[in-house]
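In what follows, a single structure is set out as structure tokens and then discussed.
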Amino acid sequence: MNGRILKEKFLLFRIRAKKDSEAFGEIYDFYVSRVYRFIYFKVPSAEVAEDLTSETFLKAWRYLMEKRDVPHLQALLYSVARSVVIDWYRSTACERCDVSLDEAIATDEPADMVSEQLARAVDSKLDMVRVAERLRGLKDDYREVVVMKYLDGMSNREIASALGKSASHVRVMAHRAVKALGESFDSNDTEHDQKVAADNKR
551 MNGRILKEKF LLFRIRAKKD SEAFGEIYDF YVSRVYRFIY FKVPSAEVAE DLTSETFLKA
611 WRYLMEKRDV PHLQALLYSV ARSVVIDWYR STACERCDVS LDEAIATDEP ADMVSEQLAR
671 AVDSKLDMVR VAERLRGLKD DYREVVVMKY LDGMSNREIA SALGKSASHV RVMAHRAVKA
731 LGESFDSNDT EHDQKVAADN KR
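The sequence shown finishes on residue 752 if you use our numbering, and the numbering steps up by one all the way, no holes.
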């Protein structure tokens with residue numbers, strides 16, 4: 551068990567045993583940017599993402615106050631965030647794309663390639679809009695797996711806990727998501743290059 555997990559377990563103990571808001575504050579500081587990013591790729595604006603991020607942590611605090619066992623804290627936060635986003639879309643009468651899985655798609659696309667492309671893009675704030683557009687073009691399940699696995703480095707087991715699926719199912723989804731995202735990178739880059747070339751001719 552690494553140091554981070556041990557510290558989280560200690561913080562969770564303080565929260566459940568003493569309702570320690572400072573302990574929860576440490577958890578908030580560490581995870582707020584990750585939860586915000588997870589939500590940001592699922593909603594239409596940064597303002598909505600900020601509001602739903604706050605709501606996510608409020609609900610997580612209430613959950614922890616019930617002194618429930620939390621095997622994976624990050625998985626819990628993402629699970630709460632998913633629920634908050636779903637509730638928001640229901641309340642605003644919005645409909646998301648179909649989240650059912652397609653038939654199995656075989657792919658040889660290396661996951662590391664997509665992970666590196668995402669990491670480079672996320673490092674640049676100027677590319678965040680393009681990353682968001684590409685991720686929003688994926689099915690909800692695919693987008694969630696990409697964010698958790700390739701941006702946050704969560705294991706298949708942790709992702710499975712957050713999504714309520716099996717680890718083997720997560721592996722299949724990850725392969726499909728990589729395939730879809732890889733095609734998105736290729737098509738968007740081609741369109742971008744064509745636009746730049748057209749602008750240069752003017």
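Here a beta-carbon is modelled for each residue, glycine too, at the ideal position from N, C-alpha and C.
* Where does residue 705 fall in DSSP's three states? -> Working through the sequence shown from its first residue, we reach residue 705 at position 155. If DSSP states are grouped into helix, strand and coil, residue 705 belongs with coil.
* Count the other CB atoms within 10 Å of the CB of residue 568; is the residue buried (16 or more) or exposed (fewer)? -> Here residue 568 is taken as the residue at index 18 of the sequence shown, counted from 1. Looking at its Cβ environment, which holds fewer than 16 other Cβ atoms inside 10 Å, residue 568 is exposed.
* Helix, strand or coil: how does DSSP classify residue 618 here? -> On the sequence shown, residue 618 is found 68 positions in, with the first residue counted as 1. Looking at residue 618 - three-state DSSP - the assignment turns out to be coil, as it is neither helix nor strand.
* How is residue 570 classed by DSSP in three states: helix, strand or coil? -> Within the sequence shown, numbered from 1, the residue matching residue 570 stands at position 20. If DSSP states are grouped into helix, strand and coil, residue 570 belongs with coil.
* Return the first residue and the last residue of the alpha helix (DSSP H) that residue 593 is part of. => By one-based count along the sequence shown, residue 593 stands at place 43. Premise fails: residue 593 is in no alpha helix (DSSP H) and is neither H nor E.
* **Proximity below 7 Å, CB of residue 589 to CB of residue 599** => Walking along the sequence shown from the start, residue 589 turns up at place 39. Walking along the sequence shown from the start, residue 599 turns up at place 49. Yes; because the gap between Cβ atoms is below 7 Å, this pair is in contact.
* Grab me the residues of residue 610's own chain with a C-beta within less than 7 Å of its C-beta, minus the 5 sequence neighbours each way, in chain order. => Position 60 of the sequence shown, counted from the start, is the residue given in the question as residue 610. Closer than 7 Å at Cβ, skipping near neighbours: 626, 627, 630.
* Asked: Are residue 716 and residue 710 closer than 7 Å when you measure CB to CB?
  -> Here residue 716 corresponds to residue number 166 of the sequence shown, with the count starting at 1. Here residue 710 corresponds to residue number 160 of the sequence shown, with the count starting at 1. Yes. Within cutoff.
* Asked: Is there contact between the segment 555–572 and the segment 633–644, where contact requires at least three CB pairs shorter than 8 Å?
  -> no
* Asked: Got a sec, what are the start and stop residues for the alpha helix (DSSP H) residue 716 sits in?
  -> Along the sequence shown, one-based indexing puts residue 716 at 166. Here residue 716 belongs to no alpha helix (DSSP H), and DSSP marks it neither H nor E.
* **Short Cβ contact (7 Å threshold) for residue 685 with residue 560** => If you number the sequence shown from 1, residue 685 lands on position 135. If you number the sequence shown from 1, residue 560 lands on position 10. No, they are not a contact pair.
* Asked: Does the separation of the CB atoms of residue 558 and residue 623 fall below 7 Å?
  -> Position 8 of the sequence shown, counted from the first residue, corresponds to residue 558. Position 73 of the sequence shown, counted from the first residue, corresponds to residue 623. Going by C-beta atoms, residue 558 is nearer than 7 Å to residue 623.
* Grab me the residues of residue 759's own chain with a C-beta within less than 8 Å of its C-beta, minus the 5 sequence neighbours each way, in chain order. => Because the chain here runs from 551 to 752, residue 759 falls outside it and cannot be looked at.
* Do you know offhand how far residue 759's Cα is from residue 618's? -> For the chain, the structure presents residues 551 to 752; residue 759 sits outside this window and is missing.
* Cβ shell of residue 657 (< 6 Å), same chain only, five flanking positions each side left out -> If you number the sequence shown from 1, residue 657 lands on position 107. Annotation note: pLDDT 33 at residue 657 (below 50); position unreliable, no value reported.
* To do: Note the first and the last residue of the continuous alpha helix (DSSP H) segment covering residue 627.
  => Working through the sequence shown from its first residue, we reach residue 627 at position 77. Start and end: 623–641.
* To do: Output the distance between the C-alpha atoms of residue 680 and residue 554, rounded to the nearest integer angstrom.
  => As a first step, residue 680 must be located in the sequence shown, where it is residue number 130. As a first step, residue 554 must be located in the sequence shown, where it is residue number 4. Approximately 32 Å, taken between the alpha carbons.
* To do: Throw me the rounded Cβ distance for the residue 614 and residue 565 pair, which I believe falls under 8 Å.
  => The residue labelled residue 614 in the question sits at position 64 within the sequence shown. The residue labelled residue 565 in the question sits at position 15 within the sequence shown. At roughly 5 Å, the Cβ-Cβ gap stays under 8 Å, so residue 614 and residue 565 are in contact.
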